[in-house]
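In order, the protein sequence lines correspond to chains G and R.
For the first sequence, numbering that gives the first Met the number 0 begins at 0 and goes up steadily by one.
For the second sequence, numbering that gives the first Met the number 0 begins at 0 and goes up steadily by one.
For glycine and all other residues, C-beta sits at the position ideal for the given N, C-alpha and C.
The structure presented is a predicted model; accordingly, all values stated were derived computationally and were not measured.
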Amino acid sequence: MTVVTMPRKRFSLWNVVFYSILVTGLWVTFQRFYAGIGAVTNLSDAFPWGIWIGFDVMCGVGLAAGGFTLVAAVHIFNIEKYKPILRPAVLTAFLGYLLVIIGLMYDLGRPDRIWHPLIMWNPKSVMFEVGWCVTLYTTVLFLEFSPMVCERLRWRTPLRWFRIISIPLMILGVLLSTLHQSSLGSLFLLVPHKLDALWYTPYLPLFFFVSAIGVGLAMTIFESWHSSKAFNHRLDGSLLESLGSVLAVVQSTYLAMRLMDLTHRHAWGLLAQPRPENAFFLLEMALIAAPVVLLYQSRVRNNARALYWSAVLVIMGFMTNRLNVGVTGIETASGVTYIPKWTEVAVTLFIVAIGVGLFRLAVTYLPVFGSHEAVATETEKVYSQGKVESRAA
Amino acid sequence: MANAILFDSTKCVGCRSCESACAEKWGNPYNEKIAAEEKLSSHKLTAVVTKGDKYIRRMCMHCMEPACASACPVGALVKTAAGPVVYDADKCMGCRYCMTACAFAAPTYEWEARLPKVRKCNMCAERLAAGKPTACSEACPNEATVTGERDALIAIAKARMAEAPQSYAQAIYGLNEVGGTSVMMIGPVPMAELGMPGKLPTEALPAFTWRALEMIPSIVTTGGVLLSGISWITHRRTEVARAERNERKGARQ
Ligand code: SF4
Ligand code: SF4
């Protein structure tokens with residue numbers, strides 16, 4: 000088993016930043032639960048959702064999409080070569096969903112009632128669907144993640160059970176993700192009168208789904224790069240190159256769909272008018288289009304650094320899109336200007352920092368890169384090959 | 000009988016009797032400072048807003064098919080047969096999707112509270128049930144706000160508009176907006192000029208999300224079958240390949 004050791008540095012700039020974020024975050028957390036949402040946010044009756052929804056929830060769920068994308072590739076389409084990056088992706092997804100739930104605890108006015116949708120039903124509500132998806136998919140992710148813990152603790156019996164339920168569980172997970180990613184887009188179908196016409200389209204759920212696949216792949220590339228840096232293991236170039244090609248296809252499909260939709264709705268004219276939304280829209284489009292241009296060049300895909308930066312662009316384009324739909328695109332209609340208060344940003348950073356910390360811990364103590372199983376089959380293969388060869392000789 | 004409210008800006012003199020009656024009914028504070036706020040908030044569930052020499056009342060419009068009720072994941076907001084859209088604070092988890100969804104910015108939130116609630120007008124559902132008009136209608140000295148059956152109020156509105164066409168814009172706000180509302184408004188100019196949202200769809204808003212939600216069952220079934228099928232085929236293929244390899248190996252030995 001390969002347990003990667005964390006490089007230990009006693010003092011570094013990053014540690015200082017990390018711990019300041021934690022301390023500030025704790026202070027704001029206290030404020031939030033002691034003095035209420037109003038005390039730490041710039042939210043108002045006219046602008047009830049801010050970056051805790053637009054970033055923490057909408058981006059968080061999307062960034063976790065690598066989990067279901069790779070689970071589908073490896074376990075359902077049986078593409079074995081992606082197996083080495085499956086576990087980091089599942090781990091990210093699981094942590095991502097935990098962080099989304101933590102984010103909701105800040106944003107919900109009554110976090111103590113987060114379970115209410117499970118017993119008080121309103122199937123006509125997209126938020127009801129979202130609530131169920133978060134609950135069920137987090138459970139599925141927990142089950143997909145637990146083999147890493149069981150292997151580490153050498154619990155054989157539960158591992159056997161996981162293998163039995165594995166395929167149906169994976170299929171369930173992919174379905175739930177599909178629903179959840181798209182339902183975050185459906186949330187905004189209810190506000191044709193508020194969301195700017197550059198973003199409001201009946202295809203919002205579809206766009207949210209496709210862009211989630213793209214960002215899931217980009218996150219996988221992003222993470223592989225960082226973990227290879229942090230833990231000194233080699234990047235598998237051909238594997239990442241092939242992820243890059245898939246990403247190019249997904250991302251260009253997404254771009255084409257967006258452009259066709261805008262044409263179909265005759266929305267381009269809006270860009271000719273002087274409107275504050277236009278700059279945000281153009282930024283988003285540039286961030287979506289740039290990686291498409293880059294990723295179609297094999298020169299870029301075969302260069303680890305260039306591939307990494309293309310992935311970063313995809314991720315930034317994705318975040319801009321979610322923030323545009325959730326925040327920027329709503330501002331004009333609301334009649335107020337919402338700019339997040341520093342404490343809102345502090346909470347967001349706090350949550351991200353917790354996520355990074357948990358990821359490092361998990362990678363250090365659990366068999367995330369390479370598993371028992373993989374190691375075992377490797378040795379078996381080498382062994383049996385050796386046997387065959389020695390016999391042949 | 001489905002109750003409704005008709006507000007007539009032409010008749011409104013801006014005395015704010017409705018505001019103070021509403022505050023009294025809910026037990027909310029009311030004084031000159033609050034009267035001057037002129038906007039809805041968690042302590043002000045109706046507001047008289049001055050627009051030049053005209054006045055308009057803002058409040059929950061009690062939509063016929065409310066976006067808020069379709070948005071609420073826990074069913075805390077419900078359109079009752081009697082007309083009012085009522086709120087159950089014991090269910091509410093504070094997601095504020097109702098506030099995002101409402102086209103009239105009617106639901107407000109207790110931002111400063113540790114255990115906050117949504118606040119909005121309930122059309123005095125308890126008074127209506129007892130056969131009384133809403134507190135605001137009762138307080139209005141000039142019949143600028145009246146309670147009644149929706150169809151009857153539409154008839155009154157049309158009669159007033161026909162009687163003094165020079166004093167009324169010929170449109171009833173709320174007749175068709177977002178599928179119709181139980182609070183309707185008429186006045187000397189179109190309501191959009193007095194601050195009401197102008198270009199609202201005439202289709203009820205819940206229809207927009209329902210078109211996506213109703214696809215879920217087919218996505219789940221088709222998706223489930225498809226994914227199981229693909230998984231079976233791909234795994235079978237690997238198995239067959241492995242078996243063939245073993246056979247060949249066996250033959251070689
Ligand atoms: S006006 Fe807003 S709060 Fe009132 S019923 Fe309609 S959607 Fe709901
Ligand atoms: S804030 Fe409360 S009433 Fe409004 S949608 Fe959420 S749970 Fe329902």
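Contact belief for residue i with residue j at Cβ below 8 Å, rounded distance in angstroms
i: Asp195 of chain G; j: Gly328 of chain G; result: 4 Å
i: Arg300 of chain G; j: Ser226 of chain G; result: The Cβ separation is near 19 Å, so there is no contact.
i: Leu85 of chain G; j: Val73 of chain G; result: 5 Å
i: Pro323 of chain R; j: Ala158 of chain R; result: Coverage of chain R is limited to positions 0 through 252, which leaves residue 323 of chain R absent and any answer about it impossible.
i: Cys135 of chain R; j: Thr45 of chain R; result: 6 Å
Inter-residue Cα distance where the pair is residue i and residue j
i: Leu174 of chain R; j: Ala206 of chain R; result: 18 Å
i: Arg244 of chain R; j: Phe54 of chain G; result: 51 Å
i: Val99 of chain G; j: Ala102 of chain R; result: 28 Å
i: Leu94 of chain G; j: Arg359 of chain G; result: 11 Å
i: Ala88 of chain R; j: Gly325 of chain G; result: 26 Å
i: Gly130 of chain G; j: Ser182 of chain G; result: 10 Å
i: Gly316 of chain G; j: Thr79 of chain R; result: 44 Å
i: Val346 of chain G; j: Glu137 of chain R; result: 48 Å
i: Thr91 of chain G; j: Gly249 of chain R; result: 43 Å
i: Asp260 of chain G; j: Ala128 of chain R; result: 49 Å
i: Phe187 of chain G; j: Arg95 of chain R; result: 13 Å
i: Leu12 of chain G; j: Arg233 of chain G; result: 26 Å
i: Ala75 of chain R; j: Pro83 of chain R; result: 13 Å
i: Ala38 of chain G; j: Gly147 of chain R; result: 42 Å
i: Ser370 of chain G; j: Cys58 of chain G; result: With a pLDDT of only 49 at Ser370 of chain G, under the threshold of 50, the placement of this residue in the model should not be trusted, and no figure is reported.
i: Asp52 of chain R; j: Trp114 of chain G; result: 50 Å
i: Ala20 of chain R; j: Met256 of chain G; result: 54 Å
i: Ile170 of chain G; j: Trp267 of chain G; result: 39 Å
i: Ala211 of chain G; j: Ala191 of chain R; result: 39 Å
i: Ala107 of chain R; j: Leu197 of chain G; result: For clarity, residue 107 of chain R is Thr in the given sequence; the question names Ala instead. Each residue's Cα considered, the two are about 28 Å apart.
i: Gly197 of chain R; j: Ile153 of chain R; result: 20 Å
i: Ala391 of chain G; j: Arg247 of chain R; result: Note that Ala391 of chain G has pLDDT 42, beneath the 50 cutoff, so the model's placement of it is unreliable and the number below is only indicative. Roughly 14 Å between the two C-alpha positions.
i: Phe17 of chain G; j: Ala352 of chain G; result: 7 Å
i: Val12 of chain R; j: Met119 of chain G; result: 44 Å
i: His263 of chain G; j: Leu103 of chain G; result: 36 Å
i: Ser145 of chain G; j: Thr233 of chain R; result: 25 Å
i: Ala303 of chain G; j: Val292 of chain G; result: 16 Å
i: Leu178 of chain G; j: Pro167 of chain G; result: 17 Å
i: Ala240 of chain R; j: Phe76 of chain G; result: 15 Å
Short Cβ contact (8 Å threshold) for residue i with residue j
i: Ile33 of chain R; j: Thr144 of chain R; result: no
i: Lys123 of chain G; j: Leu193 of chain R; result: no
i: Val182 of chain R; j: Leu199 of chain R; result: no
i: Gly108 of chain G; j: Pro115 of chain R; result: yes
i: Gly35 of chain G; j: Ala112 of chain R; result: yes
i: Phe368 of chain G; j: Asn323 of chain G; result: no
i: Thr40 of chain G; j: Glu343 of chain G; result: yes
i: Arg151 of chain G; j: Tyr364 of chain G; result: yes
i: Thr99 of chain R; j: Trp48 of chain G; result: yes
i: Asp106 of chain G; j: Ile52 of chain G; result: yes
i: Ile50 of chain G; j: Phe349 of chain G; result: no
Any C-beta of chain C under 8 Å from that of residue i
i: Arg274 of chain G; result: The structure shown contains no chain C; its protein chains are G and R.
Query raised in the report: When you check each C-beta in the stretch 116–128 of chain G against every C-beta of chain R, which residues fall closer than 9 Å?
Result: Pro116, Ile118, Met119, Trp120, Asn121, Pro122, Lys123, Ser124, Val125, Met126, Phe127 and Glu128
**Report entry** Contact residues within the stretch 212–240 of chain R, judged by C-beta distance below 8 Å to chain G
**Finding:** Leu212, Ile215, Ile218, Val219, Gly222, Gly223, Leu226, Ser227, Ile229, Ser230, Thr233, His234, Arg236 and Thr237
Query raised in the report: Considering only residues of the stretch 134–170 of chain R, which uninterrupted alpha helix (DSSP H) runs meet the minimum length of 4 residues and lie entirely inside it, listed in chain order?
Result: 134–138 and 149–162
Query raised in the report: Mind listing which residues of the stretch 61–94 of chain G have their C-beta closer than 9 Å to chain R's C-betas, in chain order?
Result: Ala71, His74, Ile75, Phe76, Asn77, Ile78 and Glu79
Query raised in the report: Hey, which unbroken runs of the alpha helix (DSSP H) at 4 residues or more fall wholly within the stretch 155–218 of chain G?
Result: 155–185
Query raised in the report: Which residues, taken in chain order from the stretch 85–104 of chain R, show a beta carbon closer than 7 Å to some beta carbon of chain G?
Result: Lys90, Cys91, Met92, Gly93, Cys94, Arg95, Tyr96, Met98, Thr99, Ala100, Ala102 and Ala104
Requested in this report: Please name the residues in the stretch 55–87 of chain R whose beta-carbon is closer than 7 Å to at least one beta-carbon of chain G, in chain order.
Outcome: Ala66, Ser69, Ala70, Cys71, Pro72, Val73 and Gly74
Report task. May I have a chain-ordered list of the beta strand (DSSP E) segments no shorter than 3 residues that lie completely inside the stretch 211–243 of chain R? Result -> none
Query raised in the report: Can you give, in chain order, each stretch of the alpha helix (DSSP H) that sits fully within the stretch 9–69 of chain G and has at least 4 residues?
Result: Fully enclosed alpha helix (DSSP H) runs of no fewer than 4 residues occupy 12–34, 36–39 and 57–62 of the stretch 9–69 of chain G, in order along the chain.
Query raised in the report: When you check each C-beta in the stretch 15–30 of chain R against every C-beta of chain G, which residues fall closer than 7 Å?
Result: none
Requested in this report: Could you name the residues of the stretch 42–55 of chain G whose beta carbon sits closer than 8 Å to any beta carbon of chain R, in the order they occur along the chain?
Outcome: Leu42, Ser43, Asp44, Ala45, Pro47 and Trp48
Requested in this report: Mind checking the stretch 106–127 of chain R against chain G and listing, in chain order, the residues whose C-beta falls within less than 9 Å of any C-beta there?
Outcome: Pro106, Thr107, Tyr108, Glu109, Trp110, Glu111, Ala112, Arg113, Leu114, Pro115, Lys116 and Val117
Query raised in the report: What residue ranges within the stretch 228–289 of chain G form continuous alpha helix (DSSP H) runs of no fewer than 4 residues, ordered along the chain?
Result: 236–263
Query raised in the report: Just by C-beta distance, which residues in the stretch 329–340 of chain G are closer than 9 Å to chain R?
Result: Ile329, Ala332, Ser333 and Gly334
Requested in this report: Could you run through the stretch 171–197 of chain R and flag, in chain order, every residue whose CB is less than 7 Å away from some CB of chain G?
Outcome: Per Cβ criterion, the list reads Pro196.
Requested in this report: For the stretch 65–134 of chain G, list the alpha helix (DSSP H) runs that are entirely contained and at least 4 residues long, ordered along the chain.
Outcome: 65–70, 85–106 and 115–118
Requested in this report: Just list the beta strand (DSSP E) runs in the stretch 0–68 of chain R, keeping only unbroken ones of 3 residues or longer that don't cross its boundaries, in chain order.
Outcome: 2–7, 46–50 and 53–57
Query raised in the report: What are the complete alpha helix (DSSP H) segments, minimum 4 residues, inside the stretch 320–369 of chain G?
Result: 328–333 and 341–364
Query raised in the report: In the stretch 32–46 of chain R, which residues sit with their C-beta less than 7 Å from some C-beta in chain G, listed in chain order?
Result: So the close ones are Leu39 and Ser40.
Query raised in the report: Quick one, which residues of the stretch 156–179 of chain G are near chain R if we go by CB-CB under 7 Å, in chain order?
Result: Ile166, Ile170, Val173, Leu174, Thr177 and Leu178
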